[in-house]
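Note sheet for the following structure.
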Amino acid sequence: GAGVSQSPSNKVTEKGKDVELRCDPISGHTALYWYRQSLGQGLEFLIYFQGNSAPDKSGLPSDRFSAERTGGSVSTLTIQRTQQEDSAVYLCASSLQGQGALGEQYFGPGTRLTVT
Amino acid sequence: KQEVTQIPAALSVPEGENLVLNCSFTDSAIYNLQWFRQDPGKGLTSLLLIQSSQREQTSGRLNASLDKSSGRSTLYIAASQPGDSATYLCAVPGGSYIPTFGRGTSLIVHP
């Protein structure tokens with residue numbers, strides 16, 4: 002594909018419901034990142050996938066958040082029992098990871114999540 | 003833990019001015035640094051990636067410099083235009099390939 006795509010672009014959900022956010026990285030990119038950006042806040046790292054290695058989940062704010070990456074490509078971020086504080090823009094990025102270095106990151110357009 | 007600071011937080015200038023945006027980081031042991039632009043309601047667009055072995059990178063009217071020893075990078079925008087209005091963010095790798103982002107500089111260029 003031409004770039005990183007995310008779906009849906011907007012999601013409004015009721016408090017307590019589960020949501021799934023999808024990210025399609027650039028073909029061939031081995032690294033995939035999820036971030037959260039709240040109003041007026043910086044980018045908050047959530048989770049990082051690199052190839053077939055175990056993901057780095059150190060940024061997930063609670064056990065209501067989980068993510069998977071199937072076949073080293075598409076990733077899904079799941080938020081269970083959503084809370085109002087989960088409202089934010091969720092951004093996905095992919096990169097072709099260099100040796101021991103952060104590769105150039107390419108971002109998707111984001112999913113704006115609103116929990117009512 | 004890597005910390006990234008961007009100054010100024012906001013900037014409003016008339017069209018045509020040359021601008022300098024600053025990014026500082028606490029851990030100078032970085033492999034590279036990346037500058038991004040974010041338009042309202044959009045994702046981030048990569049502007050420049052500067053490797054630790056480089057001192058600067060240029061793309062059109064943009065020039066990014068890197069001084070690892072002092073933990074600083076600057077993004078220079080020449081002859082600013084209204085279309086340059088956006089938030090500019092810098093990012094450096096923290097531990098384990100996890101990038102740390104600054105809070106950004108919100109730029110408005112008015113005609």
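Protein sequence lines, in the order shown, are assigned to chains D and Z.
First residue of the first sequence: 2, per the numbering used here; consecutive thereafter.
First residue of the second sequence: 3, per the numbering used here; consecutive thereafter.
By construction, the Cβ of each residue, glycine as well, lies at the ideal position given by its N, Cα and C atoms.
Proximity winner among the options, relative to residue i (alpha-carbon distances)
i	options	result
residue 48 of chain Z	D/48, D/117, D/109	D/109
residue 104 of chain Z	Z/20, Z/19, Z/78, Z/27	Z/27
residue 95 of chain Z	D/93, D/21, D/104	D/104
residue 7 of chain Z	Z/15, Z/19, Z/24	Z/24
residue 50 of chain D	D/74, D/20, D/116, D/82	D/74
residue 96 of chain D	Z/13, Z/60, Z/36	Z/36
residue 85 of chain D	D/8, D/6, D/10, D/14	D/14
residue 55 of chain Z	Z/93, Z/69, Z/109, Z/17	Z/69
Simplified DSSP state of residue i, which is helix, strand or coil
i	result
residue 33 of chain Z	coil
residue 19 of chain D	coil
residue 69 of chain Z	strand
residue 57 of chain D	strand
residue 85 of chain D	helix
residue 47 of chain Z	strand
Chain D contact residues for residue i, given Cβ-Cβ distances below 9 angstroms
i	result
residue 48 of chain Z	105, 106, 107, 108
Contact set between residue i and chain D, taken where Cβ atoms lie within less than 8 angstroms
i	result
residue 56 of chain Z	The premise fails here: residue 56 of chain Z is roughly 13 angstroms from chain D at the closest Cβ pair, so nothing lies under 8 angstroms.
residue 106 of chain Z	43
Contacts that residue i makes with chain Z (C-beta to C-beta distance below 7 angstroms)
i	result
residue 44 of chain D	103
residue 111 of chain D	45
Straight-line Cα distance separating residue j from residue i
i	j	result
residue 9 of chain Z	residue 26 of chain D	32 angstroms
residue 34 of chain D	residue 106 of chain D	9 angstroms
residue 81 of chain D	residue 80 of chain Z	47 angstroms
residue 112 of chain Z	residue 15 of chain Z	6 angstroms
residue 67 of chain Z	residue 58 of chain Z	4 angstroms
residue 101 of chain D	residue 84 of chain Z	Reliability of the predicted coordinates at residue 101 of chain D is poor, the pLDDT of 46 falling under 50, and no value is obtained from them.
residue 115 of chain D	residue 39 of chain D	11 angstroms
residue 3 of chain D	residue 42 of chain Z	21 angstroms
residue 87 of chain Z	residue 112 of chain D	22 angstroms
Partner residues on chain Z for residue i, Cβ-Cβ distance less than 8 angstroms
i	result
residue 29 of chain D	Result: empty, since nearest Cβ-Cβ is about 17 angstroms, beyond 8 angstroms.
query = Taking Cβ-Cβ distances below 7 angstroms as the criterion, which residues of the region 64 to 94 of chain D are in contact with chain Z?
reply = 92
ask   = Using a Cβ cut-off of 9 angstroms, which residues of the region 51 to 64 of chain D contact any Cβ in chain Z, in chain order?
value = 51, 57, 59, 60
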